[in-house]
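I have placed the structure first, in the form of structure tokens, so that the comments after it can refer back to it.
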Amino acid sequence: LLNPHERIMGLDLPSGGHLTHGYYTAGGKKISATSIFFESLPYKLDPATGLIDYAKLEEKAMDFRPKMLICGGSAYPRDWDYAKFREIADKCGAMLMMDMAHISGLVAAEEQAQPFEYC
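First residue of the sequence shown? That's 1 in the UniProt record's numbering, and the numbers climb one at a time after it.
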């Protein structure tokens, strides 16, 4: 799906994202293979609300122009606005991937929204 050094955006690990979504430390040390082989830029939660600020996410995505935009994480307990992610991905020309490994059982049990229409 991606060639080395192409760009990805995912939720920052301290915000509830996953290590494999391109995490690097505040000092710039690349921790995961994803951050080594791809250029990554995290999006973060609004510190006041603990929610994804979709307007800021869109602004960052339009500036960064990732090849892949990732929604999903390992410790973000809120619903994901898949329609909004799809809209942002389309605007910046990115493919949209939902990493649902941690919530797949909740999606199957219809306790969380399903992403399949959008991703």
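Where a beta carbon is used, it is the ideal one built from N, C-alpha and C, also for glycine.
Assuming contact is defined by CB atoms lying nearer than 9 Å, are I103 and D81 in contact in what I supplied? Stepping through the sequence shown from its first residue, residue 103 is reached at position 103. Stepping through the sequence shown from its first residue, residue 81 is reached at position 81. Cβ distance not < 9 Å, so I103 and D81 don't count as in contact.
Identify the residues that DSSP records as bridge partners of R7: which are they? As a working mapping, residue 7 is identified with position 7 in the sequence shown. DSSP, once it has assigned bridges, lists E39 as partnering R7.
Is I70 near G17, with beta carbons less than 9 Å apart? Translated into positions along the sequence shown, residue 70 becomes position 70. Translated into positions along the sequence shown, residue 17 becomes position 17. For I70 and G17, yes; Cβs fall inside 9 Å.
Please confirm whether F38 and R7 have their CB atoms less than 9 Å apart. Translated into the one-based positions of the sequence shown, residue 38 becomes position 38. Translated into the one-based positions of the sequence shown, residue 7 becomes position 7. Yes, these two residues count as a Cβ contact at 9 Å.
P115, buried or exposed, once every other Cβ within 10 Å from all chains shown has been counted against 16: One-based indexing of the sequence shown puts residue 115 at position 115. With 16 or more Cβ atoms within 10 Å of its Cβ, P115 is classed as buried.
For L51, name the three-state secondary structure that DSSP assigns. By 1-based counting over the sequence shown, the position of residue 51 is 51. L51 falls in the coil class under three-state DSSP.
Start and end residues, beta strand (DSSP E) containing C71: The count along the sequence shown starts at 1 and reaches residue 71 at position 71. C71 -> beta strand (DSSP E) spans M68 to C71.
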